[in-house]
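Visitor:
Residue numbers (our numbering): 815 to 1189.
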């Protein structure tokens, strides 16, 4: 992965390359951006440039042995930490156990989200993945050795939101007194979930959403989709490149169809249908359940733009805009605020392992009450 492989974000690329060229590199950096954004790709491109033995101006060459090892995920001076789970075959969840799967995962593309990684690991049921405290404690031993080939040893922590309080505190101790030749790159999409003490010890690198024109061009190049579809996806994805790539490749609108069916059943007060949908929801993987609720929040936000007569702010596929225009007629600002609050609360309870079926059915009934009060 080189900087030139990432669409847009020229200012961020320049900032990172200049920090290397000027030898002014913070020992702990937090790459944070939107869900499915370019933060992992940017962290990997930064590492490639840092290790490259044949730099091309402000980018890595992509062909030297160091670049090739970084691309394949086998560079001896990179330590990876990421969420892991126990499975039928693996009883102790640690990053090292899943390194073969991780290498396949990152070589398949760096615009990725946690549900994809859970599927790649073979996570079963509602397992969400975490970085256990034992792993962060072992980290000190891994970085105590001098770098083998590169000027630094780089620790890439993907999805540090998966750190619990104990593992976060263990990492904090390492961040406070790191070896002088070790860099920490934390890659996340929700910095608010990190300990404030960790945030205070990192230099924050904000990875903004890629501009729509650059992203559309990237989608055409990567997927072969037509320009019109690519432009629609770039507008509607709200920075989620992983989502846009998936849509461009599959044209899968199952999420929007499921949401439309759900709202139809809510407004028809079709309780048998709602119970069935709650059963379907319960059968999904935990991350897919959360994604559906996040999509619901996205649609309600677009409806708010619609009723506020600000259609230029709407970020949605053309196929979704007709639904948003019609659905928003049943809502007002107050109902959107109340429903969004209920959806966010349901998301919160899912994260804390509440029973998905009960959470979803209760949410449906609460939306019915709000919708009726709006009449």
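C-beta: ideal position from N, C-alpha, C; glycine also.
Note that the structure is a prediction, hence the values are computed from the model and not measured.
Please classify residue 821 as buried or exposed, where buried requires at least 16 neighbouring CB atoms within 10 angstroms.
Guide: It counts as buried.
Visitor: If you drop the 5 nearest sequence neighbours on each side, which residues of the same chain put their C-beta closer than 7 Å to that of residue 812?
Guide: Because residue 812 is not part of the residues shown, which for the chain are 815 to 1189, the question remains open.
Visitor: Whose C-alpha, out of 838, 851 and 870, is nearest the C-alpha of residue 818?
Guide: Residue 818 has its Cα closest to that of 870, out of 838, 851 and 870.
Visitor: In angstroms, rounded to a whole number, what distance separates the CA positions of residue 896 and residue 956?
Guide: Their Cα atoms are separated by approximately 15 Å.
Visitor: Excluding five sequence neighbours on each side, which residues of the same chain lie with their C-beta closer than 7 Å to the C-beta of residue 1132?
Guide: Taken in chain order, the residues that qualify are 1046.
Visitor: Would you call residue 1100 buried or exposed, if buried means 16 or more other Cβ atoms sit within 10 Å of its Cβ?
Guide: Classification for residue 1100: buried.
Visitor: For the stretch 957-968 against the stretch 858-865, are there 3 or more C-beta pairs whose distance is under 8 Å?
Guide: Yes: at least three Cβ pairs fall under 8 Å.
Visitor: With a CB to CB cut of under 6 Å and the five nearest residues on each side skipped, what residues in its chain are close to residue 903?
Guide: Correct list: empty, nothing qualifies.
Visitor: Which ranges would you report for the alpha helix (DSSP H) in the stretch 1032-1108 if only whole runs of at least 4 residues count?
Guide: 1041-1050, 1055-1064, 1068-1081 and 1085-1097, all fully within the stretch 1032-1108.
Visitor: Skipping 5 residues on each side, what residues in its chain have a beta carbon closer than 6 Å to that of residue 1096?
Guide: Excluding residues within five positions, the ones whose Cβ falls inside 6 Å are 1170 and 1171.
Visitor: My assumption, with CB atoms under 8 Å, is that residue 1143 sits in contact with residue 1180. Please give the rounded CB distance.
Guide: Incorrect: roughly 21 Å between the Cβ atoms, too far for contact.
Visitor: Among 1023, 898 and 1073, which residue has its Cα nearest to the Cα of residue 975?
Guide: Checked all of 1023, 898 and 1073; the closest Cα to residue 975 is 898.
Visitor: Confirm, please, whether the CB-CB distance from residue 815 to residue 842 is below 8 Å.
Guide: It is not a contact, given that the beta carbons lie outside the stated cut-off.
Visitor: Exposed or buried, residue 838, counting other C-beta atoms within 10 Å across all chains shown (16 or more means buried)?
Guide: Label assigned to residue 838: exposed.
Visitor: Nearest-angstrom Cα distance between residue 1005 and residue 1013?
Guide: Rounded to whole angstroms, residue 1005 to residue 1013 spans 8 Å at the Cα level.
Visitor: Return the bridge partner residues of residue 967 from the DSSP annotation.
Guide: For residue 967, which the question treats as bridged, DSSP gives the partners 996.
Visitor: Is it right to say residue 851 is buried, meaning 16 or more other beta carbons lie within 10 angstroms of its own, or is it exposed?
Guide: Label assigned to residue 851: buried.
Visitor: Less than 8 Å separating the beta-carbons of residue 909 and residue 947?
Guide: Against a cut-off of 8 Å, the Cβ pair of residue 947 and residue 909 comes out as no contact.
Visitor: Can you find the residues in the same chain that come closer than 7 Å, C-beta to C-beta, to residue 1037, ignoring five residues on each side of it along the sequence?
Guide: Excluding positions up to five away in sequence, the list reads 1059, 1062 and 1063.
Visitor: Any Cβ of chain C within less than 8 Å of the Cβ of residue 882?
Guide: Looking at the structure shown, chain C is missing, and only one protein chain is on hand.
Visitor: Which first and last residues belong to the alpha helix (DSSP H) in which residue 1018 is found?
Guide: First-last for residue 1018: 1017-1020, but that is the beta strand (DSSP E), not the alpha helix (DSSP H).
Visitor: From the DSSP output, read off the bridge partner residues of residue 1113.
Guide: According to DSSP, which records beta bridges pairwise, residue 1113 is partnered with nothing at all.
Visitor: Contact check, residue 1152 vs residue 1184 under 8 Å by CB: the rounded distance?
Guide: Indeed, because the Cβ distance is near 5 Å, the residues count as touching under 8 Å.
Visitor: For residue 1086 and residue 849, which I take to be in contact (beta-carbon distance under 8 Å), what is that distance rounded to the nearest angstrom?
Guide: With 8 Å as the limit, residue 1086 and residue 849 do not qualify as a contact, their Cβ atoms being about 34 Å apart.
Visitor: Smallest Cα separation from residue 1079: which of 1088, 861 and 1117?
Guide: Looking at the Cα atoms, 1088 is the closest of the given residues.
Visitor: Just tell me which of 953, 927 and 997 has its CA closest to the CA of residue 983.
Guide: Residue 983 has its Cα closest to that of 953, out of 953, 927 and 997.
Visitor: So, helix, strand or coil for residue 896, using DSSP?
Guide: Note: residue 896 maps to coil in three-state DSSP.
Visitor: Which residue or residues does DSSP assign as beta-bridge partners of residue 1002?
Guide: Paired residue(s): 846.
Visitor: Below 7 Å CB to CB, which residues in the same chain sit around residue 875 once its five sequence neighbours on both sides are set aside?
Guide: For residue 875, where only same-chain residues beyond five positions count, the Cβ hits under 7 Å are 866, 868, 869 and 881.
Visitor: At the level of alpha carbons, what is the spacing between residue 924 and residue 855?
Guide: Cα to Cα, residue 924 sits roughly 5 Å from residue 855.
Visitor: Need the endpoints of the alpha helix (DSSP H) that residue 819 sits in, please.
Guide: It is not in any alpha helix (DSSP H) - residue 819 carries neither H nor E in the DSSP assignment.
Visitor: Does the beta-carbon of residue 1134 have 16 or more other beta-carbons within 10 angstroms, so that it is buried, or is it exposed?
Guide: Buried: at least 16 other Cβ atoms inside 10 Å.
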